[in-house]
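Student:
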Amino acid sequence: MIGTGSAQSSSTYVVTGGGRTRLENAGATIRRELANGSVFIVSAEDGAADDLRSVSGVSGVTENFEVEHDGPISEVEPQTTDDAEFTEKQWDKEITDTFEAHDYATGEGTRIVIADTGVDGTHPDLEANFNEELSVSFVDGGEKDEHIGDSGDHGTHVAGTAAATGAEGITGTAPDAELVSVRVLGPDSSSFADILAAADYTAEIGADVANYSLGAGPFPPEANSDGTRVAVQKVMQDVARRGTVSTVSAGNAETDLQRGGLFYLPGTVQGVMTVSASGPGDNLSFYSNYGTSEIEV
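Sequential numbering of the sequence shown, starting at 6, is according to the numbering used here.
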């Protein structure tokens, strides 16, 4: 899981409304158009937020901010094994009856995007399912670039949970699904704009499911005065309309999102499935955010 937000000293903004021509006439450079032209990632001079807000039709302007990793609780040295019996120790698959479900479906024909730190597509439990051609990076204010692998192992771990083949270690929930990596997190952080651009890309390539084990917040309700939550919701609803289911972490801040108007992004908006964390006993993990009005699972 990945955590909180902070200001970023770039001249990248996420703008809701306004229209391409009006924004360009105001001096903004359009970097990416999202949600059928209702949200834009733009470049403009530092401190241009108020000028952008004054453009006719603009309903919200958010200066790009960072989404940062939570530090690991513990670290271990990487190990290799050729013993597929580790599959038997996967408590998460046991409590969800995943192995029994494999008698009926294994994910064949399904495209899963892992929006994270990147994925090591050469891993022996992933390489058979990994689509290198469609895998890309968004780590530069919404600009698409070449995929360069995993910058921190988190994405590879998530990919294994989703679709590892069980060839040498573990078996994923959908061991025959196709895996696409969309890297949105560098070694330390990414940005709000990168995540929105990546979400749009998942629908562009026809992904069935996209997973985001990342986020920023919790934010108080007044933090939405610049339209940040509205922009996320517009993009995610558009992605859902185009056929991609987005599953998003609820966050690891031990916070009740049902009270006080708190919200967490890109989760807790319409158009995504927000998922809390549980442990081997099938109970809520102590660190997970919670709240039945905001979280689906």
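Where a beta carbon is used, it is the ideal one built from N, C-alpha and C, also for glycine.
1. Residue 230 by DSSP, collapsed to three states: which one?
2. So, using beta-carbon positions, are residue 216 and residue 167 closer together than 8 Å?
3. Look up residue 264 in the DSSP assignment and say whether it is helix, strand or coil.
4. Alpha carbons only, please: which of 253, 125, 26 is nearest the one belonging to residue 276?
5. Can you grab the Cα-Cα spacing for the pair residue 76 / residue 221, in whole Å?
6. Buried or exposed: residue 299, going by 16 or more other Cβ atoms within 10 Å of its Cβ?
7. How would you write the range of the beta strand (DSSP E) that residue 56 sits in, first residue to last?
8. Report the option in 266, 202, 107 whose CA atom is closest to the CA atom of residue 230.
9. Exposed or buried, what is residue 106 when buried is set at 16 or more other beta-carbons lying within 10 Å of its beta-carbon?
10. Could you give the distance in angstroms between the alpha-carbon of residue 236 and the alpha-carbon of residue 178?
11. Measuring alpha carbon to alpha carbon, tell me which residue in 288, 160, 57, 96 is nearest residue 5.
12. Between the Cα of residue 2 and those of 24, 99, 290, 51, spot the shortest distance and give me the residue it belongs to.
13. According to DSSP, is residue 65 helix, strand or coil?
14. Looking only at its chain, what residues have a beta carbon closer than 7 Å to the beta carbon of residue 81, apart from the 5 residues adjacent to it on each side?
15. Roughly how many angstroms separate the alpha carbons of residue 122 and residue 109, rounded to a whole number?
16. Considering just the uninterrupted stretch of the beta strand (DSSP E) at residue 121, what are its terminal residues?
Tutor: To lay it out plainly:
1. For the purposes of this step, residue 230 is identified with residue 225 of the sequence shown, where counting begins at 1. Helix.
2. The residue given as residue 216 occupies position 211 in the sequence shown. The residue given as residue 167 occupies position 162 in the sequence shown. Yes. Within cutoff.
3. For the purposes of this step, residue 264 is taken as residue 259 along the sequence shown, with counting starting at 1. DSSP, reduced to helix, strand and coil, places residue 264 outside both helices and strands of the structure shown, so it counts as coil.
4. Along the sequence shown, one-based indexing puts residue 276 at 271. For residue 276, the nearest C-alpha among the options comes from 253.
5. Sequence index remark: in the sequence shown, residue 76 carries index 71 (1-based). Sequence index remark: in the sequence shown, residue 221 carries index 216 (1-based). Low confidence applies to residue 76: its pLDDT is 43, below 50, so where it sits in the model is not reliable enough to give any reading.
6. Within the sequence shown, residue 299 is the residue found at index 294, counting from 1. Label assigned to residue 299: buried.
7. Counting from one through the sequence shown, the residue named residue 56 turns up at place 51. For residue 56, there is no enclosing beta strand (DSSP E); the enclosing alpha helix (DSSP H) covers residues 54-58.
8. Within the sequence shown, numbered from 1, the residue matching residue 230 stands at position 225. Comparing Cα-Cα distances from residue 230 to each of 266, 202, 107, the minimum goes to 266.
9. Counting from one through the sequence shown, the residue named residue 106 turns up at place 101. Classification for residue 106: exposed.
10. The residue you call residue 236 lines up with position 231 of the sequence shown. The residue you call residue 178 lines up with position 173 of the sequence shown. About 31 Å.
11. The requested residue 5 is not part of the displayed model; the chain covers only 6 to 302.
12. Any answer about residue 2 is impossible in this case: the structure gives the chain only from 6 up to 302.
13. Translated into the one-based positions of the sequence shown, residue 65 becomes position 60. Looking at residue 65 - three-state DSSP - the assignment turns out to be strand.
14. Here residue 81 refers to the residue found at position 76 of the sequence shown. Because the pLDDT at residue 81 is just 45, under 50, the model does not fix this residue reliably, and the point stays unresolved.
15. Within the sequence shown, residue 122 is the residue found at index 117, counting from 1. Within the sequence shown, residue 109 is the residue found at index 104, counting from 1. Their backbone Cα atoms lie some 32 Å apart in a straight line.
16. Sequence index remark: in the sequence shown, residue 121 carries index 116 (1-based). Where residue 121 is concerned, the enclosing beta strand (DSSP E) stretches over 116-121.
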